[in-house]
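Colleague: In the working numbering, the protein residues as written are 25 to 165.
1. Between which residues of its own chain and residue 47 is the CB-CB distance below 7 Å, once the five residues before and five after are set aside?
2. Near residue 71, what residues of its chain come up, given a Cβ to Cβ distance below 7 Å and the 5 sequence neighbours on each side ignored?
3. By the three-class DSSP mapping on this structure, what secondary structure does residue 75 have?
4. So residue 105 and residue 84 are in contact, right, with Cβ under 8 Å, and what is the actual spacing, rounded?
5. Just how far apart, CA to CA, sit residue 81 and residue 160?
6. Out of 55, 53, 42, point me to the one whose CA is closest to residue 76's CA.
7. Quick one, which of 61, 26, 66, 69 has its alpha-carbon nearest residue 78's?
8. I need the boundaries of the alpha helix (DSSP H) containing residue 70, first residue and last residue.
9. I'd like the span of the alpha helix (DSSP H) that includes residue 41, first residue to last.
10. Using the Cβ count rule (16 or more neighbours within 10 Å means buried), how would you classify residue 28?
11. In whole angstroms, what separates the C-alpha of residue 155 from that of residue 63?
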């Protein structure tokens, strides 16, 4: 026997959770979906052991895997970049096609679609915008 084995045979650990002897029971109940209050009731009724919910929760977090495994993120390899085909250039004397955006720029401008910050929403008839400068504390003018 080694020195370590001798020491362990002669001495017991100084701190051990009261719940440690019931680790397998708690783990089975937890993995089958029982809540912490259910496990506390099992321990008090069947094992005559009363602990707080906080103690049980800390024990579960430290010693038992979560009820449901967390989904692992699958990292996909990067997709190759596909370049757009160049647009066909029409002969210089050909008429421009109708109802199409400018064909010289391959990108469509999105700035035309976005409202500018100076645009103000229109108010319905009869509804006045609230004026903070002329407001009174009683709400009456």
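Glycine included, each C-beta is placed from N, C-alpha and C at the ideal position.
Modeller: Short version:
1. 87
2. The answer, listed in chain order, is 46.
3. coil
4. With 8 Å as the limit, residue 105 and residue 84 do not qualify as a contact, their Cβ atoms being about 48 Å apart.
5. 54 Å
6. 42
7. 61
8. 60 to 70
9. Neither: residue 41 is in no alpha helix (DSSP H) and is coded neither H nor E.
10. exposed
11. 60 Å
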